[in-house]
Structures are given as structure tokens and as C-alpha cells.
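Please read the structure below before turning to the comments.
Protein chains: 4
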Amino acid sequence: MLSENLRRDILKFREERDWSQFHNLRTLSTSIVLEAAELAEHTQWARDSELAAVVAERKPMIEQEVADIVILLTYLAEDLGIDVEHAVDEKLKFNAKRYPVELAKGSARKYDQL
Amino acid sequence: MLSENLRRDILKFREERDWSQFHNLRTLSTSIVLEAAELAEHTQWARDSELAAVVAERKPMIEQEVADIVILLTYLAEDLGIDVEHAVDEKLKFNAKRYPVELAKGSARKYDQL
Amino acid sequence: MLSENLRRDILKFREERDWSQFHNLRTLSTSIVLEAAELAEHTQWARDSELAAVVAERKPMIEQEVADIVILLTYLAEDLGIDVEHAVDEKLKFNAKRYPVELAKGSARKYDQL
Amino acid sequence: MLSENLRRDILKFREERDWSQFHNLRTLSTSIVLEAAELAEHTQWARDSELAAVVAERKPMIEQEVADIVILLTYLAEDLGIDVEHAVDEKLKFNAKRYPVELAKGSARKYDQL
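Chain order of the listed sequences is A, B, C and D.
The working numbering numbers the first residue of the first sequence as 1 and each following residue consecutively.
The working numbering numbers the first residue of the second sequence as 1 and each following residue consecutively.
The working numbering numbers the first residue of the third sequence as 1 and each following residue consecutively.
The working numbering numbers the first residue of the fourth sequence as 1 and each following residue consecutively.
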């Protein structure tokens, strides 16, 4: 998702402002919830048939919310020593067992209801 | 954050299960809120002095929630044609104007209260 | 929404368990977010045409999430000295100015876009 | 929490604006999440020692967010035919079994970890 250069820019941005004193698992995870809520607000009242129009009209704002979440995840991964690549790889393997193709294909059900 | 290979693995996981029919801005942003809420649940009752212990005890679960959010963001970026690198780069420039170092340094205030 | 008797039962439940030591604006508002997320999870993947079926199938669970939110709001109102009746009455007056009938009728737009 | 009169005022507010066409379990539960997120934003960066000051400074805004949640819950209960008094009463009984006083007293643990 991010080049090493951009990751460094994100961390430099924080360091220049001396903001890491405010960051911990609680404040960063709360902040991710708040940014995700702003993303979800774009479709708060949208019917199925209106979704494409929302995306077309609000793309720049949506990109900003997505960027905010990625920036916060970068801080969290840095502070907690999380290797995101490795975590995603492990989660895909975990999900592959929870959602085997033959059961999960074409279904939106949760793993405990497949 | 993610190599091109891993990004392809994430998309392949979805394609094998024919899940993109369920994905749009609304369902994916709602899902990101729900996963972020699970991340925030780890510190639901934690006092400041208890935060380090929460991280130490629950690191593997925290990594799973972070991975879930990254996977959902990957689907969203793919479906909406968002260049995450570019979006983050633009947001950092935008934030640099909202939070100039001389005003924002050491402050947790929002841009409109600096 | 609640009789005075039931309000007392909610507070007594907490007192018997000595839980008010864990309650403050941050922990209670985070908890309301988490319970609201559980409520929203019931329609995570639902298309417009599937909403009625979700309600029909999951009514008892939905009632439990609603109850959880009301219980948490009761604790918050008690601890912060909020008169909920008065707050709602004031908010309706405030909203009546933001959303005058002649502009807001039949529109899902936010007040700043009417 | 609410008198019958105030409940009617809330419903009348919606009827005058013809807004019930936009309300269903999905849009209302998403809206409750968004309002709860606004409530949680007040303590986004607050350390334990700063919580009392946040409440003192922001009480009127907090009351508005609480009112918004109560208004949305009133619409949801009306539309789904939920008797909130009854739902809360049942949930307290349910919680009393999950959190027996002798195990739960003075503990912030979840029921499955008591």
C-alpha cells in the first residue's frame, strides 16, 4: 500500500509536530473509528441505487478519509511494532480456513453461520 | 504498507469466493467501522496506566484487527480506483497547511482551534 | 423512554457491581460506539430489499443492542448530570431552526446543504 | 428517559419533514454510530487526568450528542415496534446472569473472562 519513502514521510510529519506523545493503542484506535465513521457518513442515507452517484460526486473526500485511516494505521504499526505485511499474510491464511471456498463462495454469511 | 504480491493475494481471495458482489462504498466503509470498533474494544476500559499491559497481552489479536482493516481498505481502493500512495501524499500536504509546525507542535488541538 | 423505577434498577445494577469506578465520558462514549456498531452489524451486508427480512429474523438481538445503548446513556446522564428530557427538548428546537419544514421536507440533505 | 409528550414531539418533528422514508434499521443504526462517534470525539486525545476538564468545558455539546442518540433510538423503536422499557428490563435480567455480583463486583472483565 505504501512505499518505504512515504512511510517515512508520515512518521516525519508526526515527529516534526511532536505528536507521538498523544499516540497509544487507545487514542489511535479511537481515531481510526472516528475517521472510518466520516467515511461511512458519505453513504449514511444512500439507497442501493444511489451508491454509484455518491462515489462519483464525493471521490476526493473519500480519498481523504482513506488516507487518514492509512496514516493512523502507519502510526499504530510503528508504535506497536506490527509488521503489516506479515499480519495481512497471516490473516489471509486464517480467513482461508474460516471461509473455505466451497462453503463461502457467493455467501455473505459469517463463518459461524456457513 | 503492502507489496504488489500481497495486494494480489487479497484480491484473489475475494475473487475465489465471489464476494465483490457484496462490496460497495457503503458495505466496505461500514465494515471498516466495525473492524475499527473491534480494535478499540481492546482498550474499552483501560486507564492510561494499563495501556502497555493491554498491548503486551493482546498483540496477536490487535494484529488481526489491523490486518482486517488493511484488507478492507485494499478492496475499497481497488473498487473505487483510489491510488492510496497518491491519496496519502496529497493528505500529508493538506495536513501540513492545516497543522503548520509552529502552531501544532506539541498540541493535540484540532486545526480550527490552533 | 424509561420510567423512574427502571432508571433506578439500572443504577442499582451498577452499584451492586461497583462498576462506576470504570465509568467516565471516555469509557461510556466508547462503549456506546461499540454497542451501536453491534447494532449496525445486523445490516452490514444487507441490500435495500433484504432489510425487512433482517428485522424479522433478528428482532430479539436488535432489542438487546438497543437496551445496551439505553443503559449506557442512563449511566452517562447520571454521572454528568444531564437532564435527558431537557436536552432532547432543546435539541428539537435547535434542529427545527437548522431544518425548517419548507426546506427540509422530503430531503435527506444535511443542514449546510439545504 | 422520555415522557410520552416528548416522544410524540420527536415523531411529529419527523412526520412534518416526511423523513420516515429515509429511516430503516440500516440507516438509523449507522446514524447512531455516527452520533456516538461525535460523542466519543470529545475525549479522543484525553488522558485520564484531563477527563473532568473536558466534561466541564464541553457539557452543552455533549448534551446535544446525547439528545441526537435518544432521538434516533426513538425513531428506531417506533419503526421496529420495540418496547424500550421492556427491552431494558429483559436485558438487565440477562446481564444479571452473565455478571453475577459475586464474580463481577469490582471487575471490568467481559462475562466470558470472569
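Think of the CB as a built atom: it goes at the ideal place given N, C-alpha and C, for glycine as much as any other residue.
Given the structure is predicted, the values throughout are model-derived calculations rather than measurements.
> Going by Cα to Cα distance, which pick from Ala96/C, Pro100/C, Val88/C and Asn24/C is closest to serine 49/D?
Replying inline: Cα-wise, what sits closest to serine 49/D is Asn24/C.
> Residues in its own chain within less than 8 Å of leucine 72/B by CB, not counting five upstream and five downstream?
Replying inline: In chain order, Leu28, Ser31, Ile32 and Glu35 place their CB closer than 8 Å to the CB of leucine 72/B, counting only its own chain and leaving out the 5 sequence neighbours on each side.
>> Excluding the 5 residues flanking arginine 14/C on each side, which residues of the same chain have their C-beta closer than 7 Å to its C-beta?
In response: Here the set comprises Ser20 and Tyr75.
> For chain D, is any of its Cβ atoms less than 7 Å away from the one on asparagine 5/C?
Replying inline: Judged by the 7 Å Cβ criterion, asparagine 5/C is not in contact with chain D.
> What residues in the region 42-59 of chain B bring their beta carbon closer than 7 Å to a beta carbon of chain D?
Replying inline: Going along the region 42-59 of chain B in chain order, one finds Trp45, Arg47 and Asp48 with a Cβ nearer than 7 Å to chain D.
> Ordered along the chain, which non-local residues of its own chain (more than five positions away) have a Cβ less than 8 Å from that of tyrosine 99/D?
Replying inline: Cβ neighbours of tyrosine 99/D within its own chain (closer than 8 Å, five residues either side excluded): Tyr111 and Leu114.
>> Would the region 82-93 of chain D count as touching the region 52-64 of chain C if we require 3 or more Cβ pairs under 8 Å?
In response: Contact annotation: the region 82-93 of chain D touches the region 52-64 of chain C, with at least three C-beta pairs closer than 8 Å.
> Going along the region 20-41 of chain B in order, which residues come within less than 7 Å of chain C, judged by CB to CB distance?
Replying inline: Residues passing the 7 Å Cβ filter: Phe22, Thr27, Thr30, Ser31, Val33, Leu34, Ala37, Ala40 and Glu41.
> So alanine 67/D and valine 54/D are in contact, right, with Cβ under 8 Å, and what is the actual spacing, rounded?
Replying inline: With a Cβ gap of about 18 Å, alanine 67/D and valine 54/D do not count as contacting.
> Mapping DSSP to helix, strand and coil, what is isoleucine 32/C?
Replying inline: Reduced to three states, the DSSP call for isoleucine 32/C is helix.
> Residues in its own chain within less than 7 Å of methionine 1/D by CB, not counting five upstream and five downstream?
Replying inline: Answer for methionine 1/D: Val70, listed in chain order.
>> Please tell me whether lysine 93/D has its Cβ less than 7 Å away from any Cβ of chain C.
In response: For lysine 93/D, the answer is no, since every Cβ of chain C falls outside 7 Å of its Cβ.
> In the region 20-107 of chain A, which residue ranges form an unbroken alpha helix (DSSP H) of at least 4 residues, counting only runs that do not cross its ends?
Replying inline: The DSSP assignment places 25-41, 51-80, 84-98 and 101-104 as complete runs of the alpha helix (DSSP H) inside the region 20-107 of chain A, in order along the chain (cut-off: 4 residues).
>> Buried or exposed for alanine 77/A, going by 16 or more other Cβ atoms inside 10 Å?
In response: Looking at its Cβ environment, which holds 16 or more other Cβ atoms inside 10 Å, alanine 77/A is buried.
> What do you get for phenylalanine 94/D, buried or exposed, if any count of 16 or more other CB atoms within 10 angstroms of its CB means buried?
Replying inline: Of the residues assessed, phenylalanine 94/D falls on the exposed side of the cut-off, its CB having fewer than 16 other CB atoms within 10 angstroms.
>> Please report the straight-line C-alpha distance between glutamate 4/D and histidine 42/D, rounded to a whole angstrom.
In response: Linking glutamate 4/D to histidine 42/D through their CA atoms gives a straight-line distance of about 31 Å.
> According to the neighbour-count rule (16 or more other Cβ atoms, all chains shown, within 10 Å of its Cβ), is arginine 17/A buried or exposed?
Replying inline: Answer is buried; the Cβ neighbour count reaches 16.
>> To the nearest angstrom, how far is the alpha carbon of valine 88/C from that of leucine 39/D?
In response: Leucine 39/D has its alpha-carbon roughly 15 Å from the corresponding atom of valine 88/C.
> The alpha helix (DSSP H) spanning leucine 11/A covers which residue range?
Replying inline: Counting along the chain, the unbroken alpha helix (DSSP H) around leucine 11/A starts and ends at 4-17.
> Residues of chain C with CB under 7 Å from glutamate 102/D, in chain order?
Replying inline: Those do not exist, as glutamate 102/D stays about 10 Å from chain C at its closest Cβ, beyond 7 Å.
> Going along chain B, which residues have a C-beta under 7 Å from tyrosine 99/A?
Replying inline: What tyrosine 99/A touches in chain B: Arg17.
> Of all the CB atoms in chain A, is at least one closer than 7 Å to the CB of alanine 108/C?
Replying inline: Chain A, which has a Cβ nearer than 7 Å to the Cβ of alanine 108/C, makes this yes.
>> Please return the same chain residues whose Cβ sits closer than 7 Å to the Cβ of arginine 58/B, not counting the five positions on each side in sequence.
In response: Hits under 7 Å: His42.
> If we count the other Cβ atoms within 10 Å of its Cβ and call it buried at 16 or more, is leucine 6/A buried or exposed?
Replying inline: The residue in question, leucine 6/A, is buried, as its Cβ has 16 or more Cβ neighbours within 10 Å.
> Of all the options Leu103/D, Ala52/D, Leu51/D and Arg26/D, which has the alpha carbon lying nearest to the alpha carbon of alanine 52/C?
Replying inline: The option with the nearest alpha carbon to alanine 52/C is Arg26/D.
> Is the beta carbon of leucine 92/C less than 7 Å from the beta carbon of aspartate 79/D?
Replying inline: Pairing leucine 92/C with aspartate 79/D gives a Cβ-Cβ distance that is not under 7 Å.
>> Using a Cβ-Cβ cutoff of less than 7 Å, which residues in the same chain neighbour alanine 104/B once the five nearest sequence positions on both sides are dropped?
In response: Here the set comprises Leu114.
>> Using only the alpha-carbon positions, how far apart do alanine 127/D and lysine 97/B sit?
In response: This structure does not reach residue 127/D, given that chain D is present from 1 up to 114, and the question cannot be answered.
>> 7 Å is my cut-off, CB to CB: does lysine 12/D come that close to chain C?
In response: No - not a single Cβ of chain C is within 7 Å of the one on lysine 12/D.
>> Please report the straight-line C-alpha distance between arginine 90/C and glutamate 102/C, rounded to a whole angstrom.
In response: A quick correction: the sequence has glutamate, not arginine, at residue 90/C. Straight through space, the alpha carbons of glutamate 102/C and glutamate 90/C are spaced by roughly 21 Å.
> Any Cβ of chain D within less than 7 Å of the Cβ of aspartate 9/C?
Replying inline: True, the Cβ-Cβ gap to chain D drops below 7 Å.
> Should alanine 37/C go down as buried or exposed, given a rule of 16 or more other Cβ atoms within 10 Å for buried?
Replying inline: Of the residues assessed, alanine 37/C falls on the buried side of the cut-off, its CB having 16 or more other CB atoms within 10 angstroms.
> Residues of chain B with CB under 8 Å from glutamate 118/A, in chain order?
Replying inline: Residue 118/A falls outside the range modelled here, since chain A spans only 1 to 114, and no answer is possible.
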